[in-house]
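Chemist:
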Amino acid sequence: MDLFEDAFSVAIVFAIGGSLLGSLIATDVKRYGRTLSGLMVLAGIVLSVSVADYFFSPVHPWLYGGVGVFCGIVSPALLDALKGMAPKAIQRLINALCNRAEKMISDSEKK
Numbered sequence: 048m049d050l051f052e053d054a055f056s057v058a059i060v061f062a063i064g065g066s067l068l069g070s071l072i073a074t075d076v077k078r079y080g081r082t083l084s085g086l087m088v089l090a091g092i093v094l095s096v097s098v099a100d101y102f103f104s105p106v107h108p109w110l111y112g113g114v115g116v117f118c119g120i121v122s123p124a125l126l127d128a129l130k131g132m133a134p135k136a137i138q139r140l141i142n143a144l145c146n147r148a149e150k151m152i153s154d155s156e157k158k
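Residue numbers (my numbering): 48 to 158.
(1) Measure the C-alpha to C-alpha separation of Val-76 and Ile-59 and round it to an integer number of angstroms.
(2) Let's see if you can read the secondary structure: which residues bound the alpha helix (DSSP H) around Ser-66?
(3) In the DSSP assignment, find the unbroken alpha helix (DSSP H) run with Ala-124 in it and report its ends.
(4) Might you give, ordered along the chain, the residues of its own chain that have their beta carbon closer than 8 Å to the beta carbon of His-107, omitting 5 neighbours on each side?
(5) Could you compute how far the alpha carbon of Asp-154 sits from the alpha carbon of Ala-148?
(6) Can you give the Cα-Cα distance for Tyr-111 and Met-87, rounded to whole angstroms?
(7) Less than 8 Å separating the beta-carbons of Gly-119 and Leu-68?
(8) Out of Tyr-101, Val-96, Leu-129, which one is the CA nearest neighbour of Val-116?
(9) Would you identify the three-state DSSP class for Ser-104, choosing helix, strand or coil?
The following block contains the structure:
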């Protein structure tokens with residue numbers, strides 16, 4: 048139980064909630080579809096928790112919430128800009144990740 052309490056402190060929960068709110072505001076489900084929108088929300092959550100935990104003290108959880116909202120709003124735009132600037136590189140990265148995941152799954156099935 049201590050691991051859960053350490054991993055999800057009040058400040059981290061504020062960052063996750065803020066990021067969820069910001070991502071849902073900024074992500075257009077009609078344009079991206081549900082799967083890609085969900086991935087963008089997940090990327091926003093990871094980004095907000097990382098940024099908030101690195102730059103701010105957990106003594107002030109409302110700052111984590113504010114950073115979460117900002118990162119949640121910004122993360123879909125960053126992902127769009129990254130895909131727009133280097134579509135071939137992103138496609139190669141996605142293919143490499145998928146190939147590695149397939150290899151890991153097939154290796155685990157052989158055991």
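Glycine is no exception: its CB is placed at the ideal position from the N, C-alpha and C atoms.
Modeler: To lay it out plainly:
(1) Taking the CA atoms as reference points, Val-76 sits about 26 Å from Ile-59.
(2) Note, Ser-66: alpha helix (DSSP H), 57-73.
(3) In the DSSP annotation of this structure, the continuous segment of the alpha helix (DSSP H) that includes Ala-124 starts and ends at 108-132.
(4) Once the five neighbours on either side are set aside, the close Cβ partners of His-107 are Ala-58.
(5) Between the alpha carbons of Asp-154 and Ala-148 lies a distance of about 10 Å.
(6) Counting only the Cα atoms, Met-87 lies some 19 Å from Tyr-111.
(7) Against a cut-off of 8 Å, the Cβ pair of Leu-68 and Gly-119 comes out as a contact.
(8) The shortest C-alpha separation from Val-116 is found at Val-96.
(9) Coil.
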